[in-house]
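Below is one structure, written out as structure tokens; comments come after it.
Here is the structure:
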């Protein structure tokens, strides 16, 4: 080992309640103390006067007063310790530059609703300053490094990953349990009744309401849900009463946890996001199978040693628990894998990493984590009607150029011939069904193969940049709160005569891609290029009553999805060109009717606000009235105006039926218009507002 560096440790954490962050600091220092003792070296822990002594032989406690809390950390600590400083619990004195700071996660940005206003304010003020000034930032997982780089001014590759360890859990003694034995037997009519274990917390990102959703089905299996920690206040009394097999046992000791982990069917860990997920390795170390969320750092920590499920898919959690209850072999297999997996996470290795950083903060340490999280599996869906040459060109280009190859491309048609030669391309599946964009997209959703994580919808005349799928996939991997994603359209000729395929390629290669923004949120996805987390979609379908006016169909779907929670974003790094091809069009009368009736229908559904509906109607009617005087050669303004008037008449009569648009007969083509109406993926604009 290199010579022992001279540094001090920020001991403010000794005055704080012990959560995962403080547990990390205590275990790192315990392992560091052992290493320093072997070298006959020492380093001080500087702490407020009220801090208890952790009694580490090579790390004496130095009490420095007055004050406490953030005031002590920002004022007293930097004046009492002038040398290099190690900070293990998210905050540090802003005045110091010669220091290493561990920021455990970016949850204050990813899941702000889990924290109080004061806490959010302090962290959002301090952490950006620390990221700029500190000699080195560390964190506990590769996923956390990516998240921190997303929100703070530091590159992911400059963040050192020094994960949690597992050795402390091996020292727990179930023979010293005080509460665990009574939990096993209390109130049970049948001794064979089993239980699953979860750890409680008020933080919303812990996703404990999922337990209540699956409680009835677990009760049918003869299983209770035992929630340790957090207190009964996590759930309202009336909610708990409706789930009698959910038992809140409050605070328990580590020895009790060991007792419960060794006797439970499994640990359920359903978080939306975690910096690391320490209970996962604690459970594995104690021989407890784990069923974990498949988001954020959890796949990285679990490896292949746990059953993974989306945190928004209760049925998947029930299936995993049922599989464990039915198969002793599966349970034993997971126990064995878990004991192998935890060997990747060692407090001794993490402490050694910190000693190297304190000797030279800029040193490049070898990777000390379990590996990078793989990208999600992506499927692309393209609905098309009457444009076989266009869809052949765009699908072929997609498959030849994307840096992340899709697992499958589903081309949804009314007749197979509409797919053209795209039907013969690798990984392409052609499905047929009823016409209409919502119906065709629903047909494709039903045909998705197992194992798909993200579904991307492209218009048949959208030409994607080579990195579109990779950017979207990385976003869904790194940001568990994102459920809907749309890219930046470099050019959109939906209101013009349309671009050729060669025009689109030229724009992709020459267009200035710089923008004044890199990301917009919230942002309703734009239908020519949008992606969704498949687990968030669940059983949601596109509304097939919205037979025309594609942008509103997308908005309706996205608004319904938004009600389920999650974030919708627009990302400048995923770009492309919407050609706005004018072939395959239907009557302007039909589109004009939909321009009126569809927004009113969505208002009644609650997927469009009254203000947006009013603006939509006024823009469309005004544009069609004005355009009827001097119609564009490629837009049937007069047909649209006739449809507007017919739609208004039906609304006044109380007949709000979007599907009636398909029954409208086309009027004779106006001599001033060279083509009619709207494409099968109809008029819309790249700025997210409907075309006039």
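Numbering (our numbering), first residue to last: 329 to 1020. For every residue, glycine included, the Cβ atom is placed at its ideal position computed from N, Cα and C. Computed from a predicted structure; not experimentally measured.
Segment limits, beta strand (DSSP E) that includes residue i
| i | result |
| --- | --- |
| residue 896 | 895–906 |
| residue 389 | 389–391 |
| residue 975 | Run containing residue 975: none in the beta strand (DSSP E); it sits in the alpha helix (DSSP H), 965–980. |
| residue 657 | Note, residue 657: premise wrong, no beta strand (DSSP E); alpha helix (DSSP H) at 656–669. |
| residue 814 | 810–820 |
| residue 740 | 736–741 |
| residue 784 | 782–787 |
| residue 523 | 522–527 |
| residue 635 | 635–637 |
Distance between beta carbons of residue j and residue i, contact taken as under 8 angstroms
| i | j | result |
| --- | --- | --- |
| residue 908 | residue 824 | 6 angstroms |
| residue 372 | residue 402 | 19 angstroms between Cβ atoms; not a contact. |
| residue 683 | residue 333 | 7 angstroms |
| residue 525 | residue 595 | 5 angstroms |
| residue 723 | residue 753 | 6 angstroms |
| residue 905 | residue 819 | 5 angstroms |
| residue 604 | residue 492 | 5 angstroms |
| residue 736 | residue 755 | 5 angstroms |
| residue 941 | residue 949 | Going by Cβ atoms, the distance from residue 941 to residue 949 rounds to 12 angstroms, so no, they are not a contact pair. |
| residue 464 | residue 428 | 5 angstroms |
| residue 734 | residue 797 | 6 angstroms |
Beta-carbon spacing of residue i, residue j below 9 angstroms
| i | j | result |
| --- | --- | --- |
| residue 859 | residue 776 | no |
| residue 497 | residue 622 | no |
| residue 598 | residue 620 | yes |
| residue 865 | residue 803 | no |
| residue 538 | residue 555 | no |
| residue 551 | residue 634 | no |
| residue 882 | residue 921 | no |
| residue 726 | residue 786 | yes |
| residue 467 | residue 488 | yes |
| residue 988 | residue 925 | yes |
| residue 899 | residue 846 | yes |
| residue 416 | residue 356 | yes |
| residue 434 | residue 505 | no |
Endpoints, the alpha helix (DSSP H) within which residue i is located
| i | result |
| --- | --- |
| residue 365 | 348–366 |
| residue 496 | 495–498 |
| residue 729 | 716–729 |
| residue 465 | Counting along the chain, residue 465 falls outside any alpha helix (DSSP H), though it belongs to the beta strand (DSSP E) covering 464–467. |
| residue 681 | 675–687 |
| residue 925 | 916–933 |
| residue 407 | 405–408 |
| residue 865 | 862–865 |
| residue 1025 | The chain is shown from 329 up to 1020; residue 1025 falls before or after that span and cannot be answered. |
| residue 460 | 445–461 |
| residue 801 | 796–806 |
| residue 597 | Segment 595–597 is the beta strand (DSSP E) holding residue 597; no alpha helix (DSSP H) there. |
| residue 829 | 829–838 |
| residue 944 | 938–957 |
| residue 437 | 435–438 |
Classification of residue i by the beta-carbon crowding that lies within 10 angstroms, buried from 16 upward
| i | result |
| --- | --- |
| residue 423 | exposed |
| residue 399 | exposed |
| residue 562 | Confidence in residue 562 is poor, its pLDDT being 49 and thus under 50, which makes the residue's placement unreliable; the coordinate value appears in the next sentence. Label assigned to residue 562: buried. |
| residue 874 | buried |
| residue 915 | buried |
| residue 313 | No answer is possible for residue 313: the residues shown for the chain start at 329 and end at 1020. |
| residue 699 | With a pLDDT of 46 at residue 699, under the threshold of 50, the modelled position of this residue cannot be trusted, and the question is left open. |
| residue 546 | buried |
Residue i: CB within 8 angstroms of a non-hydrogen atom of the ligand GTP
| i | result |
| --- | --- |
| residue 389 | Inclusion of the ligand GTP in the displayed structure is not the case, the ligand content being empty and no account of it being possible. |
Inter-residue spacing [alpha-carbon to alpha-carbon] between residue i and residue j
| i | j | result |
| --- | --- | --- |
| residue 800 | residue 903 | 10 angstroms |
| residue 759 | residue 741 | 6 angstroms |
| residue 1020 | residue 953 | Confidence in residue 1020 is poor, its pLDDT being 33 and thus under 50, which makes the residue's placement unreliable; the coordinate value appears in the next sentence. Straight-line Cα distance between these residues: approximately 10 angstroms. |
| residue 438 | residue 809 | 7 angstroms |
| residue 1002 | residue 963 | Residue placement at residue 1002 is flagged as unreliable, the pLDDT there being 32, under the threshold of 50; the coordinate-derived value follows with that caveat. Distance between the alpha carbons of residue 1002 and residue 963: 8 angstroms. |
| residue 456 | residue 445 | 17 angstroms |
| residue 751 | residue 743 | 12 angstroms |
| residue 336 | residue 811 | 43 angstroms |
| residue 609 | residue 757 | 41 angstroms |
| residue 477 | residue 712 | 39 angstroms |
| residue 848 | residue 440 | 18 angstroms |
| residue 772 | residue 738 | 6 angstroms |
| residue 339 | residue 894 | 37 angstroms |
| residue 884 | residue 668 | 47 angstroms |
| residue 508 | residue 782 | 42 angstroms |
| residue 626 | residue 359 | 24 angstroms |
| residue 993 | residue 917 | 8 angstroms |
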